[in-house]
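Below is one structure; the comments refer to it alone.
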Amino acid sequence: MSKGSSPDFAVIVNSSLLETLGRSLNTSLTTLCVILALFLFGGTTIHNFILVLLIGLLAGTYSSLFIASPL
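Residue numbers (this note's numbering): 1275 to 1345.
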């Protein structure tokens, strides 16, 4: 990129969305690893709570990737 020229608006939006997508997926996968560790090493009393956490994680990931991104 030469000095004084600015990149196209579509290029900026596209790169921003790709960076956000990567961060959102990394955060969700890291949280999923913790939830799975709690499920494997936690007691039977915590399994219902882990199910609720998993549903919330899936809903939050879906909303941030497919609902909030196009806005």
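Positions of the beta carbon are idealized from the N, C-alpha and C atoms, including for glycine. Everything numeric in this text was worked out from a predicted model, so none of it was measured.
Please determine whether the Cβ atom of residue i lies at a distance below 7 Å from any heavy atom of the ligand ZN.
| i | result |
| --- | --- |
| E1293 | With respect to small molecules bound, the structure shown includes none, and the ligand ZN cannot be examined in it. |
Assuming the contact rule is C-beta atoms closer than 8 Å, residue i and residue j should be a hit. Round their C-beta distance to whole Å, please.
| i | j | result |
| --- | --- | --- |
| I1324 | G1316 | 7 Å |
| L1331 | L1306 | 6 Å |
| L1314 | I1320 | The pair is not a contact, with the Cβ atoms about 11 Å apart (cut-off 8 Å). |
Less than 8 Å between the beta carbons of residue i and residue j, yes or no?
| i | j | result |
| --- | --- | --- |
| S1280 | T1335 | no |
- Counting pairs of beta carbons, one from the segment 1332 to 1342 and one from the segment 1294 to 1310, are three or more of them closer than 8 Å? yes
- Item | Within the segment 1318 to 1342, ranges of the alpha helix (DSSP H) (whole runs, at least 4 residues) | Runs of the alpha helix (DSSP H) inside the segment 1318 to 1342: 1321 to 1336.
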